[in-house]
C-alpha cells in the first residue's frame, strides 16, 4: 500500500511539473510573439498611420540652449527635444513661435547676434532643418505648419519693439526675422525658471580671450561637465535573422551567402540586403518596394518623410542601440527623391564617427523606401566618466584654428565612446 501511494504521489508530481513546464514554454513563446509583433508594428508605422500619429519619440534631436536675462546666461551642455524637461517650457515656447510667426523678412547675421544681447531664448539644432520638421521635433501636430521652404539651424526668440520676434539662421548666409504671437510676459516666465550666469557665448569674452576668435555662437559652460563614457557593443553578434524578418526577407533563403570580403548577401527577387563585417547594412529595394512612408500625395512633404523615416528606424536601430537615441541630421530633396540622414546621440550630446559618417541614411523615391544604409551600434554605460580638458585649455587649443565652433561631442575610439571637446 505504501508503494502504491508513493507511486501515485510521484505520478501527480510529474503531471504538475509537466504542466508547469508547458505553461512556462507557452508564456515564453507568447512573450516572443508579442516582441516580434511590436517590431513589425513599429516598422509598419512608417507606412500605416498618418504622420501626426507617429510616436514623437521616434523623431528627436539634440539641441543646445541658452537662456539670457538681465543678469547673465544659462546654458545647459545638452538637451534632447524628447525630454520632458525641455519640452515643458523651452520646447513649448519655440513651438508657439514657429506656429505663429508671419511675414519673414531677411535680416543680417549681426541682427541675429544682437538679438542675443537682451532677454532671449536661443536654440541650436546642430544642423539646418526645414521649419516644418523642427515643429515635428517639438511634438507639434499637423495644425502647426510653418514653412517648409525655410530651414534653420539656430533660432532666437527675443523681445523687440514691444513684441517678441523669432530669428532664424541656417548657419550659412541666410538669416530671417518674423513677428510672433508670443507675449513678453510668457518669454519672461520661461527665463525666470533658470539660474543665470553659468554660461556664455564666445562673443561675450573679453578682447584678449582666445574665445574671441571662435565662432561667436560657441556656447561655453561655466564649469566643465561630467559626462559618462560608454562601451560600444555589437548588436548583431547574436545573429541577424530578426533584421531580415523585419525587412521582409526570409532568414532561410537559399540566396543567402557570404562574399569573399566577409559581406553577407541576401537576395529576394530584385531586393538585396548586404551585411558587412563592420556592422553596416545596405538595403536596396526592387521595382516594387515593400517599405513606404505615409504621405498625402505621391511625394511626401519634408515633415512626412522625416516622421515616416524616424518611425521606420525606430523599429530597426532603436531597440538595440542601448543608451543612444537616433536624431535627424539632414533632409535633402531633389525632385521626388528625398534623402534623410540620422546620427546617434546620448543625453543630447551627438556621437561622432571618426570617418565622418552617419548612423543611418534613408532614400525615398516618392513615398517608397528605395535604399537604406544602417550602422548598428549598442552603447552601454561603462561605469567611467569622460575626462574633458578644462575649458581654458580647450579654448587655447581651439584658438589655433580661428572661426571654428567649440562644442562637446561623443567620439568613438575602438570599443569605447567618450565625450571630448570638438572644434569644427
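In the working numbering, the protein residues as written are -9 to 414. Using N, Cα and C, we set each Cβ at its ideal position, and we do this for glycine too.
Under DSSP, residue 133 forms no beta bridge with any residue. Counting only the Cα atoms, residue 152 lies some 44 angstroms from residue 348. The Cβ neighbour count for residue 290, taken over all protein chains shown within 10 Å, is at least 16; the residue is labelled buried. Per DSSP, the continuous beta strand (DSSP E) segment holding residue 58 begins and ends at 52 to 59. Across the structure, residue 86 and residue 201 are spaced so that their CA atoms are roughly 33 angstroms apart. Nearest to residue 112 by alpha-carbon distance, out of 338, 377, 59, 267, is 59. Annotation: the continuous alpha helix (DSSP H) that includes residue 102 extends over 99 to 105.
Within its own chain, the residues whose Cβ lies closer than 6 angstroms to the Cβ of residue 392, once the five positions on either side in sequence are excluded, are 203, listed in chain order. For residue 191, the pairing in a beta bridge is given by DSSP as 209.
Counting along the chain, residue 391 sits inside no beta strand (DSSP E), nor does DSSP assign it H or E at all. Between residue 250 and the set 258, 243, 266, the nearest pair of CA atoms involves 266. In this structure, residue 55 keeps its C-beta atom at 8 angstroms or more from the C-beta atom of residue 62.
Collapsing the DSSP output to three states places residue 89 in a helix. Ranked by how close their Cα comes to the Cα of residue 403, the residues 367, 386, 389 have 367 in first place. Counting C-beta atoms within 10 angstroms of its own C-beta, residue 245 has fewer than 16 neighbours from the protein chains shown and is therefore classed as exposed. Straight-line spacing of the CA atoms in residue 198 and residue 383 works out to 15 angstroms.
Here residue 82 carries a helix assignment [DSSP, helix/strand/coil]. Sixteen is the threshold: since fewer than 16 other Cβ atoms of the shown chains lie within 10 Å of the Cβ of residue 247, the residue is exposed.
Along the length of the region 221 to 280, whole beta strand (DSSP E) runs at least 3 residues long occupy 246 to 248, 254 to 258, 261 to 265, 270 to 274, reported in chain order. Sixteen is the threshold: when 16 or more other Cβ atoms of the shown chains lie within 10 Å of the Cβ of residue 142, as they do, the residue is buried. By the Cβ neighbour-count rule, residue 170 is buried, with 16 or more other Cβ atoms within 10 Å of its own.
Bridge partners of residue 322 according to DSSP: 329. In the DSSP assignment, residue 293 falls within the alpha helix (DSSP H) that extends over 292 to 306.
Beta-bridge analysis with DSSP links residue 398 to 411. Where residue 185 is concerned, there is no enclosing beta strand (DSSP E), because DSSP gives it neither an H nor an E. The three-state secondary structure of residue 155, taken from DSSP, is strand. Buried is the label assigned to residue 83, since at least 16 other Cβ atoms lie within 10 Å of its Cβ. In the DSSP assignment, residue 142 falls within the beta strand (DSSP E) that extends over 141 to 150. Around the beta carbon of residue 333, 16 or more other beta carbons lie within 10 angstroms, which makes this residue buried.
One thing to note: residue 364 has its Cβ within 8 angstroms of the Cβ of residue 350.
The residue among 76, 293, 161 with its C-alpha nearest the C-alpha of residue 99 is 161.
According to DSSP, residue 138 shares a beta bridge with no other residue.
One thing to note: residue 218 has its Cβ within 8 angstroms of the Cβ of residue 375. Excluding residues up to 5 positions away in sequence, 253, 255, 272 lie with their Cβ nearer than 6 angstroms to the Cβ of residue 264 in the same chain. In the three-state reduction of the DSSP assignment, residue 173 falls in the coil class. One Cα belongs to residue 328, the other to residue 237, and the distance between them is close to 20 angstroms.
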